[in-house]
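Notes follow the structure.
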Amino acid sequence: MKALIAKTLKSAPSLAPLALRIPIGIILIAHGSQKLFGWFGGYGLEGTGQWMASIGLTPGYLMALMAGSSEFFGGLFLLLGLLTRPTALVLSFTMIIAIFSVHIGNGLFLANNGYEFGLALLAATVSLAVSGAGKFAIDNLFASRIK
0 MKALIAKTLK
10 SAPSLAPLAL
20 RIPIGIILIA
30 HGSQKLFGWF
40 GGYGLEGTGQ
50 WMASIGLTPG
60 YLMALMAGSS
70 EFFGGLFLLL
80 GLLTRPTALV
90 LSFTMIIAIF
100 SVHIGNGLFL
110 ANNGYEFGLA
120 LLAATVSLAV
130 SGAGKFAIDN
140 LFASRIK
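For the sequence shown, position 46 matches number 45 in numbering that gives the first Met the number 0, and the numbering has no gaps at all.
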């Protein structure tokens, strides 16, 4: 079990994952806060839950709570480099659900509410799930203590 945890936390000391973690983390925190708290022009849990229920994601409130939490807390974890691989995996699934339940029927382009942005976030989170946190991450502190 220790070996699995160590392997999950360990990553190459590269700056490339950091270059993804910071902007993707910020973007996801902002989107999650729209869903959870109504910040940045969002509708909060009630409004987002009603919208999710209207497109068939029921129960809407729970779906809004799950999507908002995965984005807000997942974004925060990515920003800090905390449990990067499992967090990125959860966020990858969140993006797949968003792409196929909301955006796929609108084509690629964001201007048409297409899946372009979700696909970019999916690519970034899959990359982080594979690479790990890289430099300047809390994961590195934990990994160094697990021998």
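For every residue, glycine included, the Cβ atom is placed at its ideal position computed from N, Cα and C.
Neighbourhood of residue i by C-beta distance below 6 Å, restricted to the same chain and skipping five residues each side
| i | result |
| --- | --- |
| F141 | L8 |
| E115 | L107, F108 and L109 |
Nearest residue (CA-CA) to residue i, options the options
| i | options | result |
| --- | --- | --- |
| S13 | F108, I98, G80 and P85 | G80 |
| G82 | A11, N139 and M0 | Here residue 82 is Leu; the residue named in the question, Gly, does not match the sequence. Here the closest residue by C-alpha is N139. |
| M94 | I26, A15 and G37 | I26 |
| G131 | A5, I4, P16 and L3 | P16 |
| G48 | F99, M65, F39 and S126 | M65 |
| T57 | L3, G40, S100 and W38 | S100 |
| L19 | R84, E115 and I96 | R84 |
| K134 | A5, G43 and A11 | A11 |
Whole-angstrom distance between residue j and residue i, CA atom to CA atom
| i | j | result |
| --- | --- | --- |
| S91 | S68 | 14 Å |
| T86 | G113 | 25 Å |
| L77 | A122 | 14 Å |
| V125 | E45 | 30 Å |
| K34 | S53 | 15 Å |
| G59 | W50 | 7 Å |
| A136 | L3 | 18 Å |
| S143 | F36 | 36 Å |
| I96 | M0 | 30 Å |
| H102 | A63 | 16 Å |
| N111 | L61 | 27 Å |
Cβ shell of residue i (< 7 Å), same chain only, five flanking positions each side left out
| i | result |
| --- | --- |
| V89 | S69 and G73 |
| F39 | A29, S32 and Q33 |
| A5 | A142 and I145 |
Beta-carbon spacing of residue i, residue j below 9 Å
| i | j | result |
| --- | --- | --- |
| F71 | G104 | no |
| L75 | I145 | no |
| L149 | I21 | Here the chain comprises residues numbered 0 to 146, so residue 149 is not present and cannot be evaluated. |
| L107 | L120 | no |
Same chain, Cβ closer than 8 Å to residue i, five either side skipped, listed in chain order
| i | result |
| --- | --- |
| I98 | Y114, G117, L118 and L121 |
| G55 | S100 |
Task: Complete runs of the alpha helix (DSSP H) confined to the stretch 29-91 [at least 4 residues] - done: List check, alpha helix (DSSP H) in window: 43-53 and 59-79.
Task: alpha helix (DSSP H) segments (min. 4 residues) lying fully within the stretch 96-131 - done: If only complete runs of 4 or more residues are kept, the stretch 96-131 shows the alpha helix (DSSP H) at 115-130, in order along the chain.
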